[in-house]
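Enquirer:
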Amino acid sequence: MTIQSLGYLGIGTPDPATWRDFAREVIGLAVLPEPEDSARYHLRMDQHPFRFWVEEAPTSGVTVIGWEVRDSAAIDELGVRLKKAGVDVVTGTDEECKDREVAEMVHFTGPCDIRTELFSGRRLGGSQFISPLGVDFVTGEQGLGHVVMKTPHIQEAVDFYCDVLEFRLSDTADYPWGTFYFLGCNPRHHSVAFVRSYKTEGTHHILCEVSDPDDVGRALDRVRDYDVPLMATLGKHANDGMFSFYMNSPAGFGIEIGAGGVQVDERRWISRTYTADIWGHHPAS
3 MTIQSLGYLG IGTPDPATWR DFAREVIGLA VLPEPEDSAR YHLRMDQHPF
53 RFWVEEAPTS GVTVIGWEVR DSAAIDELGV RLKKAGVDVV TGTDEECKDR
103 EVAEMVHFTG PCDIRTELFS GRRLGGSQFI SPLGVDFVTG EQGLGHVVMK
153 TPHIQEAVDF YCDVLEFRLS DTADYPWGTF YFLGCNPRHH SVAFVRSYKT
203 EGTHHILCEV SDPDDVGRAL DRVRDYDVPL MATLGKHAND GMFSFYMNSP
253 AGFGIEIGAG GVQVDERRWI SRTYTADIWG HHPAS
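Below is the structure:
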């Protein structure tokens with residue numbers, strides 16, 4: 003696969019400061035110092051300079067998805083594929099590349115009208131990541147986690163990611179609350195997924211995977227301490243094996259905190275359809 007991992011996400015919200023505090027005090031992300039008059043916050047979870055940024059927007063949700071690719075040649079290869087598919091590909095400016103801390107970047111409008119970026123040559127942080135809550139996040143070759151989007155145009159979105167960007171269809175799930183398609187590009191079970199929604203289009207949730215199952219429990223304690231509303235109870239997924247729960251972020255969409263996700267072996271993996279989790283993950287409202 004030419005795309006290596008989910009590199010970063012841009013998040014829009016009417017109240018960036020509240021999301022910043024939530025990210026630091028509940029999730030355990032590190033907030034980078036910003037000018038006092040800035041309404042934009044960069045958030046670290048590993049050696050990358052940042053994995054998220056949060057900025058003011060009239061509506062809430064993911065505004066940018068950044069995919070890390072192998073090198074400059076991979077960007078060119080994907081650019082050709084995108085243009086053949088009728089996608090307008092724009093080369094990132096020097097200013098945009100500096101802002102993302104990458105050597106090269108192109109962008110286009112992807113499914114759900116999300117600005118989608120392909121980048122290479124990311125500059126790693128000059129200092130070691132230290133979570134303010136002592137949390138160790140699972141990233142590395144698997145990327146920052148995953149993002150799940152809601153859309154009424156689910157087949158078009160899945161076809162675009164599989165046929166044009168060459169993602170793997172890991173699994174599908176027919177749950178009472180929606181049909182999900184899980185797509186992967188590395189050993190992580192899925193880096194992006196789409197759920198059918200006939201009413202709205204936007205962000206369903208983002209996963210932040212932690213290395214220790216106890217950190218899932220500690221995060222659940224912080225949810226109680228800070229009165230964060232739950233989206234779904236503690237449970238274990240049947241497809242990716244994730245032991246996790248879901249909470250509502252201040253921007254309205256969900257954050258999944260989980261541990262123990264399975265590793266996909268491309269040589270042996272078989273895509274299946276699931277209808278239930280192993281246990282838990284009951285809707286909280």
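Following our numbering, the residues of the sequence shown are numbered contiguously, the last one being 287.
Backbone N, C-alpha and C define an ideal beta-carbon position, used for all residues, glycine too.
Considering only residues of the same chain and omitting the five flanking positions on each side of P231, which have a CB-CB separation below 6 Å?
Expert: As a working note, residue 231 is residue 229 in the sequence shown. Around P231: N250.
Enquirer: Quick test of the definition: if touching needs 3 or more C-beta pairs under 8 Å, does the segment 177 to 194 touch the segment 6 to 25?
Expert: Taking 8 Å as the limit for Cβ pairs, the verdict is that the segment 6 to 25 does touch the segment 177 to 194.
Enquirer: Roughly how many whole angstroms lie between the Cα atoms of K86 and D138?
Expert: Against the sequence shown, residue 86 aligns to sequence position 84. Against the sequence shown, residue 138 aligns to sequence position 136. Straight-line Cα distance between these residues: approximately 41 Å.
Enquirer: Quick check on DSSP: helix, strand or coil for R220?
Expert: Against the sequence shown, residue 220 aligns to sequence position 218. Residue state, collapsed to three classes: helix.
Enquirer: Counting along the chain, where does the alpha helix (DSSP H) carrying A87 start and finish?
Expert: Locating residue 87 in the sequence shown gives position 85, where the first residue counts as 1. Looking at the DSSP string, A87 is not in any alpha helix (DSSP H), and its letter there is neither H nor E.
Enquirer: Would you check if the distance between the CB atom of H148 and the CB atom of V194 is smaller than 8 Å?
Expert: Sequence index remark: in the sequence shown, residue 148 carries index 146 (1-based). Sequence index remark: in the sequence shown, residue 194 carries index 192 (1-based). Yes; because the gap between Cβ atoms is below 8 Å, this pair is in contact.
Enquirer: May I have the straight-line CA-CA distance separating R226 from D90, to the nearest angstrom?
Expert: Looking up residue 226 in the sequence shown gives position 224. Looking up residue 90 in the sequence shown gives position 88. Cα-Cα distance, rounded: 46 Å.
Enquirer: Please name the residue, chosen from Y177, A59 and I272, that lies closest to I280 on a Cα-to-Cα basis.
Expert: Mapped onto the sequence shown, residue 280 falls at position 278. Taking only the C-alpha atoms, the option nearest I280 is Y177.
Enquirer: Do S62 and P16 have their CB atoms nearer than 8 Å?
Expert: Position 60 of the sequence shown holds residue 62. Position 14 of the sequence shown holds residue 16. Their beta carbons are under 8 Å apart, which means S62 touches P16 by this criterion.
Enquirer: Just checking, does the segment 49 to 67 make contact with the segment 163 to 170 on the three C-beta pairs under 8 Å criterion?
Expert: Touching, no, given that fewer than three Cβ pairs across the two stretches are closer than 8 Å.
Enquirer: List the DSSP bridge partners of D173.
Expert: Counting from one through the sequence shown, the residue named residue 173 turns up at place 171. Partner(s): F184 and R274.
Enquirer: Using a 10 Å radius around the Cβ and a threshold of 16 neighbouring Cβ atoms, would you call K100 buried or exposed?
Expert: Indexing the sequence shown from 1 puts residue 100 at position 98. It counts as exposed.
Enquirer: Does the segment 66 to 85 come close enough to the segment 21 to 38 that 3 or more CB-CB pairs lie under 8 Å?
Expert: No: fewer than three Cβ pairs fall under 8 Å.
Enquirer: Check whether the segment 35 to 51 and the segment 124 to 142 are in contact - that is, three or more C-beta pairs closer than 8 Å.
Expert: Segments in contact, yes.
Enquirer: Kindly identify the DSSP beta-bridge partner or partners of C210.
Expert: As a position in the sequence shown, residue 210 is number 208, starting the count at 1. Beta-bridge pairing links C210 to I259.
Enquirer: For G260, which of G94, L146, H44 and L45 has the nearest alpha-carbon?
Expert: In the sequence shown, counting from the first residue as 1, residue 260 sits at position 258. Checked all of G94, L146, H44 and L45; the closest Cα to G260 is L146.
Enquirer: Across the segment 231 to 247 and the segment 263 to 282, are there enough close Cβ pairs to call them in contact, namely three or more that are closer than 8 Å?
Expert: The segment 231 to 247 vs the segment 263 to 282: in contact.
Enquirer: Report the residue ranges of all alpha helix (DSSP H) runs contained in full by the segment 9 to 63; include only those spanning at least 4 residues, in chain order.
Expert: Here the runs fully enclosed are 18 to 24.
Enquirer: If you follow the beta strand (DSSP E) that K201 is in, where does it begin and where does it stop?
Expert: Reading the sequence shown from its first residue, position 199 is the one you call residue 201. K201 -> no beta strand (DSSP E), and no H or E assigned at all.
Enquirer: Just tell me which of T20, R270, E97 and E258 has its CA closest to the CA of V218.
Expert: As a working mapping, residue 218 is identified with position 216 in the sequence shown. Answer by Cα proximity: E258.
Enquirer: Near E36, what residues of its chain come up, given a Cβ to Cβ distance below 8 Å and the 5 sequence neighbours on each side ignored?
Expert: For this step, residue 36 is matched to residue 34 along the sequence shown. Answer for E36: R42, Y43 and H44, listed in chain order.
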